[in-house]
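Input: a single structure, listed below in structure tokens.
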Amino acid sequence: MADSAGAIWRKSTRSGNGGNCVEVATNLLDRGNAVLVRDSKDPQGGNLAVTARSWTAFTAAVRDGTLSL
Numbered sequence: 009m010a011d012s013a014g015a016i017w018r019k020s021t022r023s024g025n026g027g028n029c030v031e032v033a034t035n036l037l038d039r040g041n042a043v044l045v046r047d048s049k050d051p052q053g054g055n056l057a058v059t060a061r062s063w064t065a066f067t068a069a070v071r072d073g074t075l076s077l
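Our numbering puts the sequence shown at residues 9 to 77.
Written out as structure tokens, the structure is:
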């Protein structure tokens, strides 16, 4: 689990109220080049740290339909 002290978490504006959401924190990129991801239903359950490059590739693939969710 990455250090999330100071993380500002946000959900997608496309998230519904179904509870099946992830939250991301991008404000800590200067502290290790990491984007943090966590389950919105269990915010104390830990988080996943991915590189900014990986996060950008993932979101681009979702956006252009290469990766279907």
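From the three backbone atoms N, C-alpha and C, an ideal C-beta is built for every residue, glycine too.
Cα-Cα, which of the options is closest to residue i?
{"i": "D38", "options": "K49, A15 and D47", "result": "A15"}
{"i": "N28", "options": "G54, Q52 and R46", "result": "R46"}
{"i": "T21", "options": "D72, D11 and V32", "result": "V32"}
{"i": "S48", "options": "W17, V30, T64 and W63", "result": "V30"}
So, residue i versus residue j, is the Cβ gap smaller than 7 Å?
{"i": "N35", "j": "A60", "result": "no"}
Taking all protein chains shown into account, do 16 or more other C-beta atoms lie within 10 angstroms of the C-beta of residue i, making it buried, or fewer, making it exposed?
{"i": "L75", "result": "exposed"}
{"i": "V43", "result": "buried"}
If I'm right that residue i touches residue j with Cβ under 8 Å, what's the distance once you round it to whole angstroms?
{"i": "N55", "j": "S12", "result": "6 Å"}
At what residue ranges does the segment 10 to 34 contain a whole run of the beta strand (DSSP E), taking only runs of 3 or more?
30 to 33
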